[in-house]
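Asks: Residue numbers (numbering that gives the first Met the number 0), protein chains in the order written: chain Y, 0 to 419; chain X, 0 to 419.
No residue lacks a Cβ here, since even glycine has one placed at the ideal position from N, Cα and C.
Take this structure first; my questions come after.
Number of protein chains: 2
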Amino acid sequence: MLNLEQLGQNAVKAKIKLATLTTEQKNKALCHIAESLEKYSASIIEANKIDCKNGKEKGMSAAFLDRLSLNEDRIHSFAEGMRAVATLPDPVGRILEEITRPNELFLQKIAVPIGVIGIIFEARPNVTADAFALCFKSGNAVILRGGSDAINSNTAICNVMRNALSELSLPADAVQLVEDTSHESAKELMRLKKYVDLIIPRGGKRLIQSVVENATVPVIETGAGTCHIYVDKDANLDMATDIVFWAKTSRPSVCNAAECLLVHKDIAAVALPQIATKLQEKNVELRCDDTSYKILLGKISKQNLTHAADDDWGMEYNDYILAVKVVNTMDEAIDHIRNFGTGHSECIVTDSKETAEEFLTQVDAAAVYHNASTRFTDGGEFGMGAEIGISTQKLHARGPLGLRELTSMKYKIYGKGQLR
Amino acid sequence: MLNLEQLGQNAVKAKIKLATLTTEQKNKALCHIAESLEKYSASIIEANKIDCKNGKEKGMSAAFLDRLSLNEDRIHSFAEGMRAVATLPDPVGRILEEITRPNELFLQKIAVPIGVIGIIFEARPNVTADAFALCFKSGNAVILRGGSDAINSNTAICNVMRNALSELSLPADAVQLVEDTSHESAKELMRLKKYVDLIIPRGGKRLIQSVVENATVPVIETGAGTCHIYVDKDANLDMATDIVFWAKTSRPSVCNAAECLLVHKDIAAVALPQIATKLQEKNVELRCDDTSYKILLGKISKQNLTHAADDDWGMEYNDYILAVKVVNTMDEAIDHIRNFGTGHSECIVTDSKETAEEFLTQVDAAAVYHNASTRFTDGGEFGMGAEIGISTQKLHARGPLGLRELTSMKYKIYGKGQLR
Numbered sequence: 000m001l002n003l004e005q006l007g008q009n010a011v012k013a014k015i016k017l018a019t020l021t022t023e024q025k026n027k028a029l030c031h032i033a034e035s036l037e038k039y040s041a042s043i044i045e046a047n048k049i050d051c052k053n054g055k056e057k058g059m060s061a062a063f064l065d066r067l068s069l070n071e072d073r074i075h076s077f078a079e080g081m082r083a084v085a086t087l088p089d090p091v092g093r094i095l096e097e098i099t100r101p102n103e104l105f106l107q108k109i110a111v112p113i114g115v116i117g118i119i120f121e122a123r124p125n126v127t128a129d130a131f132a133l134c135f136k137s138g139n140a141v142i143l144r145g146g147s148d149a150i151n152s153n154t155a156i157c158n159v160m161r162n163a164l165s166e167l168s169l170p171a172d173a174v175q176l177v178e179d180t181s182h183e184s185a186k187e188l189m190r191l192k193k194y195v196d197l198i199i200p201r202g203g204k205r206l207i208q209s210v211v212e213n214a215t216v217p218v219i220e221t222g223a224g225t226c227h228i229y230v231d232k233d234a235n236l237d238m239a240t241d242i243v244f245w246a247k248t249s250r251p252s253v254c255n256a257a258e259c260l261l262v263h264k265d266i267a268a269v270a271l272p273q274i275a276t277k278l279q280e281k282n283v284e285l286r287c288d289d290t291s292y293k294i295l296l297g298k299i300s301k302q303n304l305t306h307a308a309d310d311d312w313g314m315e316y317n318d319y320i321l322a323v324k325v326v327n328t329m330d331e332a333i334d335h336i337r338n339f340g341t342g343h344s345e346c347i348v349t350d351s352k353e354t355a356e357e358f359l360t361q362v363d364a365a366a367v368y369h370n371a372s373t374r375f376t377d378g379g380e381f382g383m384g385a386e387i388g389i390s391t392q393k394l395h396a397r398g399p400l401g402l403r404e405l406t407s408m409k410y411k412i413y414g415k416g417q418l419r
Numbered sequence: 000m001l002n003l004e005q006l007g008q009n010a011v012k013a014k015i016k017l018a019t020l021t022t023e024q025k026n027k028a029l030c031h032i033a034e035s036l037e038k039y040s041a042s043i044i045e046a047n048k049i050d051c052k053n054g055k056e057k058g059m060s061a062a063f064l065d066r067l068s069l070n071e072d073r074i075h076s077f078a079e080g081m082r083a084v085a086t087l088p089d090p091v092g093r094i095l096e097e098i099t100r101p102n103e104l105f106l107q108k109i110a111v112p113i114g115v116i117g118i119i120f121e122a123r124p125n126v127t128a129d130a131f132a133l134c135f136k137s138g139n140a141v142i143l144r145g146g147s148d149a150i151n152s153n154t155a156i157c158n159v160m161r162n163a164l165s166e167l168s169l170p171a172d173a174v175q176l177v178e179d180t181s182h183e184s185a186k187e188l189m190r191l192k193k194y195v196d197l198i199i200p201r202g203g204k205r206l207i208q209s210v211v212e213n214a215t216v217p218v219i220e221t222g223a224g225t226c227h228i229y230v231d232k233d234a235n236l237d238m239a240t241d242i243v244f245w246a247k248t249s250r251p252s253v254c255n256a257a258e259c260l261l262v263h264k265d266i267a268a269v270a271l272p273q274i275a276t277k278l279q280e281k282n283v284e285l286r287c288d289d290t291s292y293k294i295l296l297g298k299i300s301k302q303n304l305t306h307a308a309d310d311d312w313g314m315e316y317n318d319y320i321l322a323v324k325v326v327n328t329m330d331e332a333i334d335h336i337r338n339f340g341t342g343h344s345e346c347i348v349t350d351s352k353e354t355a356e357e358f359l360t361q362v363d364a365a366a367v368y369h370n371a372s373t374r375f376t377d378g379g380e381f382g383m384g385a386e387i388g389i390s391t392q393k394l395h396a397r398g399p400l401g402l403r404e405l406t407s408m409k410y411k412i413y414g415k416g417q418l419r
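Now the structure itself:
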């Protein structure tokens, strides 16, 4: 088993080569690797069976097993994702700015690869292929540290990709997998500052907390989303109902799903029953503050109507549960979001443009929506083509992390002997 | 004495107000504060005298005392710096991108303040005024943690600025100084993740290392600069001599000064004696590899010609000392820079455009120069007007940190009830 120090050194060697590849070389390689994934899908599926068997024996839930398991179709979709990345514009070499200074010094600020990216993720083996494709296209070497549940699948996918790179005489170390899936290996990776330029954790709160606590390598935090929808007194009720219903129930497990509904008091008596009734189509449990509880009592089944506890505010349920609160003013809604939001996606439903603009300006989050579902916070929906996660921090990139967000920059400066 | 938790809460309250100020309000405030600094300069100078007295008693060096001491002229220059920031474009509210998606969702990516910035710095009291001006103009609240040597000066400057803000009914907590100058207070500040969005350390290697090791708040590393100049075989010798001389001796204490000279073997026998002789005007000590030592033996005084030890490569001398090495190829120079550079500023002197372009592409640093001194890496020289440091890391900002680099971004998204 290679140690992390060795992986780091390998990645640094690979990144030097990757930074010099042309767009055509990169695209050709991605298509070749996609083909290899399909060609060798049997070996990947075989490895995946071991993971699934182990998962079953460990008593993994059906939902979890479903996310873990691979078949021809799923591997085909990895390959198609990789081909899609090949069609996206190359983010490297973009000219971000050009300035000629009064002393005739010519400055060119250009996009360059970040270098070596470490990605720490949990069960889903698709990350192995997806993350590689985005890192490779943006000229970065990647070190992947996946969870133990998918280690056989990840290893198989990684080996196919490495072999395919070698077939093209490209550095196989463009993608490396940490075989050791202990907590120690994750910690070591996030402290491998000598070789690694960026760590992206993809997973739950505990993983992200551990990275923030322990990393010495710069981190982009992703994924934690407690999204709010504020229904203003001037809201179109039908629109509000549809947006809340859709944002809560279309896919409750994801980070851009709504977790908390805030309703203006002037509209609450009418809006809440209508929205709550619609949510009963998906049997959503409503955890209510006193005012909304009183309004909804008798309007929906008692089983789905509960009193919110203190820790319901700010909770990311990832389930068919919604916290509900009546606010006296929009400022109260904004304050609530400030206190309990995670800076991911926040929404106002209102017909008043002024009110909307005030909300969009005051609320500090990666994405703030007027009259649209929070579920749109997504690389594909934003036109980036693919993403590696949603940044909820303020430095470097906020919102979906696409190819451009996986680049750094440098100044090339052309002189004629200027000395200052 | 306020504790850090309290300072954090105050800063968060202030940042909400700061984010809503108009450009005119901010500029007016900066001019008013500048005036106040001049008006109350006597009280600042009085406080500074205590710091200087303490410094003398502690045996502080003359150079250090000089950097610490304030007089009317220096305070006037702080004020002028603040007025200059008032004239710069407001970085907040810039539209970075606009997209209309096929589903008619309209996305606007705009620049917003980062929020609360913590700055940990060492002796120079000018940072108190300079850092505040840049943070304030970019809509951020700042918590300053200066060193103990300047605590009385920093407190006096901070109080004048806070009073001036209050006079305009603006939040005084836009700028707060941590009165406790212990290592513990610095550590606490860099872990105040609940309130602080960014830490910028300004100081020596030890400070930056401590921040990297301990911070949970995102960090922009600044300042460590081991800059190299590579004199290619096709260099114009007179230009090379001037660039090296100027980059080494115009101000050796700063991070963009040259620390290491790499010379191509084909030109070394002619170039080295000429450059070394010129450097003797400033009595520069040359720490040489074997080949350059042999070339220079007998050409300059023996006192300034020494053998380089292993740790001379990569050393930031901040003094009239230069490491010197002869390389067989440009690739060897690039490898040396890769191994020993700090990603700050690197330079090639050559008349060959192809060679220059190859160097500028291969070398991974914030600023890469063709035929110009590394000393140009500076916010003023880059046309930013002012800077808060030079970032040597790859995320968010690289090179001089001006006003734009002190902003984050968010997506405002305008819909018509889109549900996905």
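Look at L402(Y) and L133(Y) and say whether their C-beta atoms are less than 9 Å apart.
Replies: Against a cut-off of 9 Å, the Cβ pair of L133(Y) and L402(Y) comes out as a contact.
Asks: Report the neighbours of Q392(X) on chain Y: residues whose CB is nearer than 9 Å to its CB, in chain order.
Replies: Here the neighbours are D196, P217, S407.
Asks: Please list the residues of the segment 364-380 of chain Y that have a C-beta atom closer than 9 Å to any C-beta atom in chain X, keeping them in chain order.
Replies: The residues in question are A364, A365, A366, V367, Y368, H369, N370, A371, S372, R374, F375, T376, D377, E380.
Asks: For chain X, is any of its Cβ atoms less than 9 Å away from the one on G401(Y)?
Replies: No - not a single Cβ of chain X is within 9 Å of the one on G401(Y).
Asks: So is V211(Y) in contact with chain X if we call contact Cβ pairs under 9 Å?
Replies: It does: the Cβ of V211(Y) has a partner Cβ on chain X nearer than 9 Å.
Asks: What residue from S165(Y), A371(Y), A149(Y), I198(Y) has the CA that sits closest to N53(Y)'s CA?
Replies: Checked all of S165(Y), A371(Y), A149(Y), I198(Y); the closest Cα to N53(Y) is A149(Y).
Asks: Please classify I94(Y) as buried or exposed, where buried requires at least 16 other C-beta atoms within 10 Å of its C-beta.
Replies: The residue is exposed, with fewer than 16 neighbouring Cβ atoms inside 10 Å.
Asks: Taking the straight line between their C-alpha atoms, what separation do you get for S35(X) and L167(X)?
Replies: Using only the alpha carbons, I get a separation of about 12 Å.
Asks: What three-state label does DSSP hand Q279(Y) in the structure shown?
Replies: Note: Q279(Y) maps to helix in three-state DSSP.
Asks: From the DSSP output, which residues share a beta bridge with M408(Y)?
Replies: Answer is A110(Y).
Asks: From the DSSP output, in three-state form, read off Y306(X) for me.
Replies: Position check: residue 306(X) holds His in this sequence, whereas Tyr was assumed. Of the three classes helix, strand and coil, the one that applies to H306(X) here is strand, per DSSP.
Asks: The beta strand (DSSP E) with H263(Y) in it runs from where to where?
Replies: Looking at the DSSP string, the run of the beta strand (DSSP E) that includes H263(Y) is 257-263.
Asks: To which residues of the same chain is A364(Y) closer than 7 Å at the C-beta, ignoring the five residues directly before and after it?
Replies: The answer, listed in chain order, is G340, G342, H343, S344, E345.
Asks: Any chance you could list the beta strand (DSSP E) runs of at least 3 consecutive residues sitting entirely within the segment 94-163 of chain X, in chain order?
Replies: Entirely contained in the segment 94-163 of chain X, the beta strand (DSSP E) runs reaching 3 residues are, in chain order, 94-99, 105-112, 115-120, 140-144.
Asks: I need the straight-line Cα distance from I198(Y) to G58(X), nearest angstrom please.
Replies: Rounded to whole angstroms, I198(Y) to G58(X) spans 44 Å at the Cα level.
Asks: Does the contact criterion of 3 or more C-beta pairs under 8 Å hold for the segment 326-336 of chain Y versus the segment 380-388 of chain X?
Replies: Touching, no, given that fewer than three Cβ pairs across the two stretches are closer than 8 Å.
Asks: Taking A223(X) as part of the alpha helix (DSSP H), name the residues at either end of that continuous run.
Replies: Neither: A223(X) is in no alpha helix (DSSP H) and is coded neither H nor E.
Asks: Counting only beta-carbon separations shorter than 9 Å, does M238(X) have a partner in chain Y?
Replies: Answer yes: the Cβ-Cβ gap between M238(X) and chain Y drops below 9 Å somewhere.
Asks: Quick check on L67(X): does DSSP put it in helix, strand or coil?
Replies: L67(X): helix per DSSP, three-state reduction.
Asks: Please tell me whether D231(X) and T349(X) are closer than 9 Å, where the distance is taken between their beta carbons.
Replies: The answer is yes: Cβ separation under 9 Å.
Asks: So what does DSSP say about N235(X), is it helix, strand or coil?
Replies: N235(X) falls in the coil class under three-state DSSP.
Asks: Please determine if the segment 206-220 of chain Y and the segment 239-256 of chain Y are in contact, where contact requires at least 3 C-beta pairs separated by less than 8 Å.
Replies: Taking 8 Å as the limit for Cβ pairs, the verdict is that the segment 239-256 of chain Y does not touch the segment 206-220 of chain Y.
Asks: At the level of alpha carbons, what is the spacing between V174(X) and I116(X)?
Replies: Computed Cα separation, rounded: 10 Å.
Asks: Would N317(X) count as contacting chain Y if we go by Cβ distances under 9 Å?
Replies: No, N317(X) lies away from the interface with chain Y (no Cβ there is under 9 Å from its Cβ).
Asks: Spell out whether any CB of chain Y is found under 9 Å from the CB atom of N235(X).
Replies: With 9 Å as the cut-off, N235(X) counts as an interface residue toward chain Y.
Asks: Along chain Y, in chain order, which residues have C-beta atoms closer than 7 Å to that of H395(X)?
Replies: Under the 7 Å cutoff, chain Y gives L394, H395.
Asks: I think L69(Y) touches S152(Y), with their Cβ atoms under 8 Å apart; what is that distance to the nearest whole Å?
Replies: Confirmed, about 6 Å.
Asks: Between Y413(Y) and chain A, is any beta-carbon pair separated by less than 9 Å?
Replies: Of the chains in the structure shown, none is chain A; the protein chains are Y and X.
Asks: Using only the alpha-carbon positions, how far apart do I389(Y) and K14(Y) sit?
Replies: Roughly 24 Å separates the two Cα atoms.
Asks: I'd like the list of long-range same chain contacts for C30(X), defined as Cβ closer than 7 Å, with 5 residues on each side in sequence excluded.
Replies: R82, A85.
Asks: Considering only the beta carbon of each residue, do L271(Y) and I294(Y) sit closer than 9 Å?
Replies: Yes, the Cβ-Cβ distance between L271(Y) and I294(Y) is below 9 Å.
Asks: Is the Cβ-Cβ distance between D233(Y) and S351(Y) less than 9 Å?
Replies: For D233(Y) and S351(Y), yes; Cβs fall inside 9 Å.
Asks: According to the Cβ coordinates, are V91(X) and Y229(X) closer than 9 Å?
Replies: No, these two residues do not count as a Cβ contact at 9 Å.
Asks: Quick test of your reading: I118(X) and R201(X), contact by CB under 8 Å. State the CB separation rounded to the nearest angstrom.
Replies: Confirmed, Cβ separation roughly 6 Å.
Asks: Given this structure, state the Cα-to-Cα distance separating Q302(Y) from Q279(Y), to the nearest angstrom.
Replies: The alpha-carbon atoms of Q302(Y) and Q279(Y) are separated by roughly 11 Å.
Asks: For the segment 83-98 of chain X, enumerate the residues whose C-beta is nearer than 7 Å to any C-beta of chain Y, in chain order.
Replies: Per Cβ criterion, the list reads I98.
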